[in-house]
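> What follows is a structure written as structure tokens; I'll ask about it next.
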Amino acid sequence: MSSVLNDRIMNGAAPAGSDGLSLPAVIERIRAAGSVDDAVNALGGDLCTLFNADRASIYLVADGGAKIVSKLKTGLSSFREIRLPVSDQSVAGFVAANKRILNIRNVYDERELKSLSPTLRFLREVDKRTGYRSKQMLVAPIVDADTSRELIGVVQLINSRNDQPFPVALQDTLAHVCDALAATVRKRRSAASPLHGKYERLVADAVISAGELELAMRSARAKGADVETILMQDFQLTSQILGEALGAHFGVPYEPFKNDRVKPVDLMKHISREFVVGSRWVPIDDTDEGIVVLTTDPERIRGSRVVNNVYPKRRIAYRVCTHREFDATVEQLFGATAMQDMGSIGDLVDTLEEATGDDETGASDDVASAANDNELVRLVNKIIIDAYQQGASDIHVEPYPGKQKIEIRFRRDGVLHPYISVPSTYRRSLVARIKIMCDLDISERRKPQDGKIKFRKFGPLDIELRVATVPSQGGLEDVVMRILASGEPMPIDKLALSDLNLNRLKETVAKPYGLFFVCGPTGSGKTTTLHSILRHLNTPSTKIWTAEDPVEITQRGLRQVQMNPKAGLTFATAMRAFLRADPDIIMVGEMRDEETVSTGIEASLTGHLVFATLHTNSAPESIVRLLDMGMDPFNFADALLGVLAQRLARRLCTKCRKPHVATDDEIQLLMDEYALELEHTAAWREDPQRARQQLLQDWTRSFADSRGKFTLYEASGCDACGNVGYRGRVGLHELLLGSDPVKKLIQEHARVADLFVTAVGEGMRTLKQDGIEKVLSGITDMQQVRAVCIK
């Protein structure tokens, strides 16, 4: 800070807010605080007044320096935490990571952000959730100058009340506030005794010395780890020792991890895994003492009163544990590792091989007996649990004739991967075990059978599996199990839609009536997209009926109907029933016949918004397919709002993807492939060279860095992605809108090519074009785009 500013501050002539609050007054309040927490609470609205800002937040370092946390008051004595990673994915996180002050005119201006740093991002999700619009930001790090600029936290000011950028002079003022906060932390540390902290019992009991504890704390700060990890790794302390120290510090009993803990379903039916991981508490039992809550920080959880809000009028008994034990308990209760002491899958198969005989049993009774063998039961449960844990969508059980082993494969991210081989003598009993779980006929091996497993009856996971058995060569049966892991719908902003498609989609589905289709092959995410749209439209004033087979995603407010063809409940009959049930919005899992489509058109023309899926390759093809079913072109044209075609491409693993600056030849090749989809449009026919230049300018503005260079990524491989280079999938989208020219072509029963040219001329991005833009964004690569966008 300049000496001139220091003189002005000392003389009381420092900048003052609109209410006359001066910087020295704020500094004095900070210095008078007993701790940094007291200082944060005491500041309140003072920062807003001093800096003429609309909002102010103070983040403090947490999780060993990996995150920064701000407490947002939600009630008289309750708080909600905002936790941000120390990274460039948010403005505050960037400031924390780089320890530099930022003064931003408009956080939504991508060019301004890139001018400050090519990697800087603004976390728009917070604005989207709250409805608040951020613009100006003045953000500064709180660092301890006496300890090699150790990060303590971040001060963030949002939106100048006069809607002008924060004056540059205020940067020095904010730096002085941050210095005062850092001084408060130094004062607290110097006043603290060597025994201060939640691990003081370790020193009191002579487990480690005060110097060793201080060394562990310094090491944790330097490595960006938590003290618990350092104590366990470098000082060989056990969870039991650390847990008892925590119990003594917080004054609550220590609760060690238990392998046989039973999930309290009634207590956890409204609590998600994400909430538990973020808030760091979980109910584990309901006893005479009250609801037992396990946490790593009882003092913070008790103070926030969030548990009392979740369980009003109930007594709460707190238990403390280490971070490792808490994470293991979360995995156990939510089924990721299914702690049943099963051992590894290899050990289970080895046990079966040791018990393998020379002859395969053929009698049904013997097969049923073998299917209920304890080792085989554990094997099947382990297969299902591992598939769920690894994020597989399907489990393939493939027996082979003779002495060949049974091959079991998992489909992950759309690709089959080998999992394990099982001795051939168990091929009948393995299939029989799966049939028993879904109540199928184990003696019938000549016909295909379909069933469903409610796995909660057999294991710790609350999931369902759709099972199909198919007779195969040599009198054997293959089994394919689709995992139906029910969950909450994805927010529409998380569908990886481009900004253009997202805005167009929101405008289209906001209309009060009409027909909207989502098309693509099986497993392309059509149902996920439809439920995201329904979540966007789901309000207390809206009645929404859905007909699905099966119901995979559930959300409150929807009336969801499971199809049952054996009982006569088909999509067509459900549609007719919905029309008599006063709907605003109807969603049909699939329109596969003329009757269902006709009813859908009728519903859309009589004032209802209708959504449905189709198994077609592209948006224009969907229209022609429906016309070929015998639909009246005029009614269909009037009803159509739009068609969204989509595919799922494999997403590059962000931990190991390899970047490189794209050459001019690479960009030209991408442009050639992009232009193939545009060559018949008017702009490209009139002046292809000018159109290419305009496209390059658009790409440079959207995807290049400040020097105009593009960064492309390629797959590498690491432990996180199983050494394949890809992890997860991303949607590619093609949105055709029911514009007047498109409606006219529908009425004329036009060809697919004519519909395609018109739609592209109106701004439709094809699947491949959307994929190329996601390649330029670093999300995937062209190999994956070409694999799913073949014609």
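For the sequence shown, this note's numbering begins at 141 and goes up steadily by one. Beta carbons: idealized from backbone N, C-alpha and C, even for Gly.
If you run the structure through DSSP and keep just helix, strand and coil, what is I930?
The sequence position of residue 930 within the sequence shown is 790, counting from 1. Three-state result, I930: coil.
> May I ask you to report which of helix, strand or coil DSSP gives F598?
Start at 1 with the first residue of the sequence shown, and residue 598 comes out as number 458. Coil.
> Which same chain residues, not among the five before or five after I424, have their C-beta less than 6 Å away from its C-beta?
Numbered from 1 along the sequence shown, position 284 holds the residue referred to as residue 424. Contacts found: V432 and L434.
> Contact check, A280 vs A315 under 8 Å by CB: the rounded distance?
The count along the sequence shown starts at 1 and reaches residue 280 at position 140. The count along the sequence shown starts at 1 and reaches residue 315 at position 175. Indeed, because the Cβ distance is near 6 Å, the residues count as touching under 8 Å.
> Can you find the residues in the same chain that come closer than 7 Å, C-beta to C-beta, to Q530, ignoring five residues on each side of it along the sequence?
Here the question's residue 530 lines up with position 390 in the sequence shown. Answer for Q530: F550 and R552, listed in chain order.
> Leaving out five residues on either side along the sequence, give the residues of the same chain with a beta carbon under 8 Å from the beta carbon of S564.
To locate residue 564, count along the sequence shown from 1; it is residue 424. Taken in chain order, the residues that qualify are E500, P539, Y540, G542, K543, Q544, K545 and I546.
> For G747, count neighbouring C-beta atoms within 10 Å of its own C-beta (all shown protein chains included) and say buried if the count is 16 or more, exposed if not.
Looking up residue 747 in the sequence shown gives position 607. The residue in question, G747, is exposed, as its Cβ has fewer than 16 Cβ neighbours within 10 Å.
> What's the gap between the Cα of V416 and the Cα of L788?
As a first step, residue 416 must be located in the sequence shown, where it is residue number 276. As a first step, residue 788 must be located in the sequence shown, where it is residue number 648. If you take the alpha carbons of V416 and L788, they lie about 30 Å apart.
> Is it buried or exposed for D526, if we count other Cβ within 10 angstroms and need 16 for buried?
Counting from one through the sequence shown, the residue named residue 526 turns up at place 386. It is buried - the Cβ of D526 has at least 16 other Cβ atoms within 10 Å.
> Which residues does DSSP pair with N704 in a beta bridge?
For the purposes of this step, residue 704 is identified with residue 564 of the sequence shown, where counting begins at 1. In the DSSP output, where bridge partners are listed per residue, N704 has L709.
> Where does N863 sit, in a helix, a strand or coil, going by DSSP?
The sequence position of residue 863 within the sequence shown is 723, counting from 1. Of the three classes helix, strand and coil, the one that applies to N863 here is coil, per DSSP.
> What is the rounded straight-line gap between the Cα of F234 and the Cα of G871?
Along the sequence shown, read from residue 1 onward, the residue named residue 234 stands at position 94. Along the sequence shown, read from residue 1 onward, the residue named residue 871 stands at position 731. Going by the C-alpha atoms only, they are around 28 Å apart.
> Could you compute how far the alpha carbon of R720 sits from the alpha carbon of V783?
Locating residue 720 in the sequence shown gives position 580, where the first residue counts as 1. Locating residue 783 in the sequence shown gives position 643, where the first residue counts as 1. Approximately 26 Å, taken between the alpha carbons.
> Give me whichever residues DSSP pairs with P423 in a beta bridge.
Taking the first residue of the sequence shown as position 1, residue 423 is located at position 283. DSSP output for P423 lists V433 as bridge partner(s).
> Just the C-alpha distance for V925 and K908, rounded to the nearest angstrom, thanks.
Stepping through the sequence shown from its first residue, residue 925 is reached at position 785. Stepping through the sequence shown from its first residue, residue 908 is reached at position 768. When rounded, the distance between both Cα atoms is 7 Å.
> Measure the alpha-carbon distance for T851 versus L836 and round it to whole angstroms.
For the purposes of this step, residue 851 is taken as residue 711 along the sequence shown, with counting starting at 1. For the purposes of this step, residue 836 is taken as residue 696 along the sequence shown, with counting starting at 1. Those two C-alpha atoms are separated by around 14 Å.
> List the endpoints of the continuous alpha helix (DSSP H) containing G911.
Residue mapping note: residue 911 aligns to position 771 of the sequence shown, counting from 1. Taken as a continuous stretch (DSSP letters only), the alpha helix (DSSP H) holding G911 covers L907 to L916.
> Mark D366 as exposed unless 16 or more other C-beta atoms lie within 10 angstroms of its C-beta, in which case mark it buried.
Locating residue 366 in the sequence shown gives position 226, where the first residue counts as 1. With 16 or more Cβ atoms within 10 Å of its Cβ, D366 is classed as buried.
> Taking 7 Å as the cut-off, decide whether the C-beta atoms of I593 and C578 are in contact.
By one-based count along the sequence shown, residue 593 stands at place 453. By one-based count along the sequence shown, residue 578 stands at place 438. Contact flag set, yes.
> So, using beta-carbon positions, are M769 and V737 closer together than 7 Å?
Position 629 of the sequence shown, counted from the start, is the residue given in the question as residue 769. Position 597 of the sequence shown, counted from the start, is the residue given in the question as residue 737. Yes, Cβ-Cβ distance for M769 and V737 is below 7 Å.
> Give a single yes or no on whether A232 has its beta carbon closer than 6 Å to a heavy atom of the ligand SAM.
Ligands in the displayed structure: none, and consequently the ligand SAM is not present.
> Let me know the secondary structure DSSP gives Q530 once reduced to three states.
As a first step, residue 530 is located in the sequence shown; it is residue number 390 there, counting from the start. Coil at Q530, not helix or strand.
> Mark V402 as exposed unless 16 or more other C-beta atoms lie within 10 angstroms of its C-beta, in which case mark it buried.
Counting from 1 along the sequence shown, the entry for residue 402 is found at position 262. Flag for V402 reads exposed.
> Excluding the 5 residues flanking V701 on each side, which residues of the same chain have their C-beta closer than 6 Å to its C-beta?
Position 561 of the sequence shown, counted from the start, is the residue given in the question as residue 701. If we look at V701 and ignore the five residues flanking it on each side, its Cβ neighbours are A687 and A714.
> Tell me the start and end of each unbroken beta strand (DSSP E) in the segment 431-473 that is at least 3 residues and wholly inside, in chain order.
DSSP runs (the beta strand (DSSP E)) wholly in the segment 431-473: 456-460.
> Among residues of its own chain, excluding the 5 on either side of A381, which ones have a beta-carbon nearer than 7 Å to its beta-carbon?
Taking the first residue of the sequence shown as 1, we reach residue 381 at position 241. Sequence inspection shows Ile at residue 381; the Ala mentioned does not correspond to that position. V347.
> Would you call the segment 184-192 and the segment 294-314 touching, i.e. three or more CB-CB distances under 8 Å?
Taking 8 Å as the limit for Cβ pairs, the verdict is that the segment 294-314 does touch the segment 184-192.
> Going straight from the alpha carbon of R245 to that of Q276, what length do you get?
In the sequence shown, residue 245 corresponds to position 105, counting from 1. In the sequence shown, residue 276 corresponds to position 136, counting from 1. Between R245 and Q276, the C-alpha separation is close to 5 Å.
> Could you tell me whether the segment 678-694 touches the segment 662-670, where touching means 3 or more Cβ pairs closer than 8 Å?
The answer is yes - the segment 662-670 touches the segment 678-694, with three or more Cβ pairs under 8 Å.
> Can you confirm whether the segment 741-760 touches the segment 856-873 when touching is taken to mean that 3 or more C-beta pairs between the two stretches lie within less than 8 Å?
Contact fails: fewer than three Cβ-Cβ distances are below 8 Å.
> Given a threshold of 16 other Cβ atoms within 10 Å of its Cβ, counted over all protein chains shown, does V562 qualify as buried or as exposed?
For the purposes of this step, residue 562 is taken as the residue at position 422 of the sequence shown. V562 is buried by the Cβ-count criterion.
> Whose C-beta lies closer than 7 Å to the C-beta of P393 among residues of the same chain, with five residues either side of it excluded?
As a working note, residue 393 is residue 253 in the sequence shown. The answer, listed in chain order, is G387 and R459.
> Could you pull the DSSP bridge partners for Y653 from this structure?
Here residue 653 is taken as the residue at index 513 of the sequence shown, counted from 1. According to DSSP, Y653 bridges with nothing at all.
> For the alpha helix (DSSP H) containing K254, name the first residue and the last one.
Start at 1 with the first residue of the sequence shown, and residue 254 comes out as number 114. Where K254 is concerned, the enclosing alpha helix (DSSP H) stretches over E250 to L256.
> Pull up the distance between the alpha-carbon of I603 and that of A532, whole angstroms please.
For the purposes of this step, residue 603 is identified with residue 463 of the sequence shown, where counting begins at 1. For the purposes of this step, residue 532 is identified with residue 392 of the sequence shown, where counting begins at 1. Cα to Cα, I603 sits roughly 13 Å from A532.
> Whole angstroms are fine: how far does the CA of R171 sit from the CA of L242?
Along the sequence shown, one-based indexing puts residue 242 at 102. Along the sequence shown, one-based indexing puts residue 171 at 31. So the alpha carbons of these two residues sit roughly 25 Å apart.
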